Amino acid sequence: VCHFCQVENERSTCSVCETSENLWICVICGFVGCG
Numbered sequence: 001v002c003h004f005c006q007v008e009n010e011r012s013t014c015s016v017c018e019t020s021e022n023l024w025i026c027v028i029c030g031f032v033g034c035g
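The UniProt record's numbering numbers the first residue of the sequence shown as 1 and each following residue consecutively.
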């Protein structure tokens, strides 16, 4: 079961550097990273 819920108006950003480019998300814990 995925615990990640994204609001439509909220733009996803990297959890470390806050960039919004080239993002990936862990399907297990919901961590958002870049690169």
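All C-beta atoms, glycine included, are put in the ideal place defined by N, C-alpha and C. None of the values given here were measured: they were computed from a predicted structure.
Quick one: is residue i buried, meaning 16 or more other Cβ sit within 10 Å of its Cβ, or exposed?
i	result
Ser20	exposed
DSSP three-state label for residue i, please.
i	result
Val27	coil
Gly35	coil
Measure from the alpha carbon of residue i to the alpha carbon of each residue in the options, then state which is nearest.
i	options	result
Gly35	Val16, Glu18, Ser12, Leu23	Leu23
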